[in-house]
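Undergrad: Shown below is the structure under consideration.
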């Protein structure tokens, strides 16, 4: 039998009704199938600015990307709090923040350019920039592997990056823009309608060229999205499992799976966010979120929150007594 | 302003878009409102047998109640694994297992009688037995308070106790039996239909007397359900918050709220189980589950699993930087 069937068979010997641990049994079987018998956790957060921010698609000014990176570095952001609580050290990657950042111990300070280009008028990235961003992510994966991590939450920060994620989702899934475009950090009705109008123009501009995953990512993505895509590809090749977070990191995962379908088995969906496109993208990837807490923050927060659930699934698999060892009677034949 | 509004106002100063932590913000505000500024966790599991088991309403033989208590005491059950992982020591209460149990350090071995009476023919408990079971739960709450716990997962073990929970749910909510009666530990279609037929006869027998919460609990509950009801009442009076677990502990919470509505603010719903009546009962109580992982095990497992989410909510509330302290720009006026 296939390895997963053997792991399922072990789950059926444990002192609980068949299947009574629900999704935890799926998670335990996936972890065992991947060979993850102890979990060494970390979080990686990729930051960059977006040229499309100039079109007024976000409730926050673009300088917030850089300000939030500084907040990450001083330990005051939500991802820092959760990473401390759940023992998953945070690594920050400057993939292309618009203004220069000083070096810091937990920062990989390697911006590829000061923000992506404005995709309303040109591809977000040149071919060289796309390759550099993918390579940056792959280097980060090598670092993660060298440090011995095997379960990593993938997060991001980038003002206007839900706009990129909506464009990517529409292009990858064939869905219309309206159902995949949300309110990001908090747009009102008029600003939301403007965001959709900008996205309609973006897609009209690039449509004839959106024929491969590389071109979709290059034209509609961003520096942190491409770096996350490279990171996911690299981690899977190093046998590191990934917990994807919200709409933007899931868009990167969808690009990675489009480029290399075998990546899929290394993915866990940490949560389902309030961004409407996230649900559509998770369904497109055939991933079931572990948590649904109506979050919409990014940074990897929903991914780190799912870590104790994965640890619980693994502990139950390895530590529960069996019906035989505990002397518990089996179900009566019905 | 009311205290909760002040806590909400603090959440709005933290470095995240307004409301972006979703349900975590609700949980943080509730914890602050209750004065829970550090969490001292435990789990309490109440076990008893049920006379109605004689009617063939469970997939497992009744001796499994006792066998699983022994499994709890030797540390091999799911609740033990999760309690160790999440630092919530387990306390086991024998409220009325049918066969005598030897004493053990983590066992309160005070059975009120060897299982409840068969509610198909008579009330599950006499008035004296109901009062003893409620008092047992209240004593456990005093013990929990003396030990300094302030956040407790409430779980149970008792073969046939989903039958009691379905009867209680129908009586408390006025819903028909079919939508509130599930497959418990794994009934097939015929056994499920039989369980519903037994429950129809049970309700027909007791209907004229189901006029107060006490009588509903006495006639249709069970020793562990009544002890949990007393425990929930006692904990709330000691200002201890409770995480209720699955269908049966939620039925006890519904009885407690029917007896003393002010208990409600001390309740968190750990998860939503696969038992169809659980969703109905949570809606009746106006409680939103923290997790939805398709579990149906009981023992307090879904409640302990929610603990890291509550700890996360509290840590975010207390540790995140504010827009001012971190020098992050606020949202642009839209």
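Protein chains in written order, with our numbering: chain A, 295 to 628; chain B, 295 to 628.
In this text, a Cβ means the ideal position worked out from N, Cα and C, and glycines have one as well.
1) What does DSSP give as the partner residues of residue 401(B) in its beta bridges?
2) Please list the segments of the beta strand (DSSP E) lying wholly inside the segment 312-371 of chain B, counting only runs of 3 or more residues, in order along the chain.
3) Buried or exposed: where does residue 360(B) fall if 16 or more other Cβ atoms within 10 Å of its Cβ makes it buried?
4) List the endpoints of the continuous alpha helix (DSSP H) containing residue 596(B).
5) Work out the CA separation of residue 319(B) and residue 611(B) for me, nearest whole Å.
6) Kindly indicate the opening and closing residues of the alpha helix (DSSP H) around residue 451(B).
7) Would you call residue 309(A) buried or exposed, if buried means 16 or more other Cβ atoms sit within 10 Å of its Cβ?
8) Hey, is the segment 533-546 of chain B in contact with the segment 593-608 of chain B, meaning 3+ C-beta pairs nearer than 8 Å?
9) Kindly indicate which three-state DSSP category residue 463(A) falls into: helix, strand or coil?
10) How many Å lie between residue 451(B) and residue 496(B) at the Cα?
11) Figure out for me which residue from 306(B), 311(B), 302(B) has the closest Cα to the Cα of residue 568(A).
12) Closer than 9 Å, Cβ to any Cβ of chain A: which residues of the segment 343-369 of chain B, in chain order?
13) Please report the Cβ distance between residue 316(A) and residue 410(A), rounded to the nearest whole angstrom; I am assuming they are in contact, meaning their Cβ atoms lie under 8 Å.
14) Taking only runs that begin and end inside the segment 511-555 of chain A, name each unbroken beta strand (DSSP E) of 3 or more residues, in chain order.
15) What residue range is occupied by the uninterrupted beta strand (DSSP E) comprising residue 563(A)?
16) Comparing C-alpha positions only, which one of 393(A), 387(A), 322(A), 337(A) sits nearest to residue 357(A)?
17) Does the beta-carbon distance from residue 366(B) to residue 384(B) come in below 8 Å?
18) Buried or exposed, going by whether 16 or more other CB atoms sit within 10 Å of the CB of residue 374(B)?
19) Just to make sure I have the definition right: I need the residues of chain A whose C-beta is within less than 7 Å of the C-beta of residue 523(B). Which are they?
20) Starting from the beta carbon of residue 587(B), find every residue of chain A whose beta carbon is closer than 7 Å, and list them in chain order.
21) So, with DSSP's three-state summary, where would you put residue 300(B)?
22) Thinking just about the alpha-carbon of each residue, which of 546(B), 461(B), 485(B), 552(B) is nearest to the one in residue 351(B)?
23) Does chain B have any CB closer than 8 Å to the CB of residue 573(A)?
24) Under a three-way DSSP split, which group does residue 308(A) fall into?
25) Between which two residues does the alpha helix (DSSP H) carrying residue 477(A) extend?
26) Does residue 415(A) pass the burial test, meaning 16 or more other C-beta atoms within 10 Å, or should it be called exposed?
27) Within a Cβ cutoff of 8 Å, which residues of the same chain sit near residue 436(B), ignoring the five residues on either side of it in sequence?
28) Using 10 angstroms around the beta-carbon of residue 468(B), count the other beta-carbons present and answer buried if the total reaches 16, otherwise exposed.
29) Does residue 559(B) pass the burial test, meaning 16 or more other C-beta atoms within 10 Å, or should it be called exposed?
30) Do the segment 421-430 of chain A and the segment 570-587 of chain A meet, that is, are 3 or more Cβ pairs less than 8 Å apart?
31) Using a Cβ-Cβ cutoff of less than 6 Å, which residues in the same chain neighbour residue 553(B) once the five nearest sequence positions on both sides are dropped?
32) Can you name the start and end residues of the alpha helix (DSSP H) that residue 425(A) belongs to?
33) I want to verify the contact list: residues of chain B whose CB lies under 7 Å from the CB of residue 622(A), in sequence order.
34) Indicate whether residue 466(A) and residue 490(A) have their beta-carbon atoms separated by less than 8 Å.
TA: To lay it out plainly:
1) 386(B), per the DSSP bridge assignment.
2) Within the segment 312-371 of chain B, the complete beta strand (DSSP E) runs of at least 3 residues are 335-342.
3) buried
4) 595-599
5) 8 Å
6) Not the alpha helix (DSSP H): residue 451(B) falls in the beta strand (DSSP E), residues 445-451.
7) By the neighbour-count criterion, in which 16 or more other beta carbons inside 10 Å mark a residue as buried, residue 309(A) falls on the buried side.
8) yes
9) helix
10) Our two residues, residue 451(B) and residue 496(B), have alpha carbons roughly 22 Å apart in a direct line.
11) 311(B)
12) 350, 352, 353, 354, 355, 357, 358, 361, 362, 364, 365, 368, 369
13) Their Cβ separation, rounded to whole angstroms, is 41 Å, which puts residue 316(A) and residue 410(A) out of contact at 8 Å.
14) Within the segment 511-555 of chain A, the runs of beta strand (DSSP E) at least 3 residues long that lie entirely inside it are, in chain order, 535-538.
15) 561-563
16) 393(A)
17) yes
18) buried
19) By Cβ distance, chain A contributes nothing, its closest Cβ being about 24 Å from residue 523(B), past 7 Å.
20) 316, 317, 318
21) In this structure, residue 300(B) counts as helix in the three-state DSSP scheme.
22) 485(B)
23) no
24) strand
25) Unbroken run through residue 477(A): none, as it is neither H nor E.
26) exposed
27) Around residue 436(B): 528, 532.
28) exposed
29) exposed
30) no
31) If we look at residue 553(B) and ignore the five residues flanking it on each side, its Cβ neighbours are 507.
32) 421-440
33) 358, 361, 362, 365
34) Result no, Cβ atoms of residue 466(A) and residue 490(A) do not sit closer than 8 Å.
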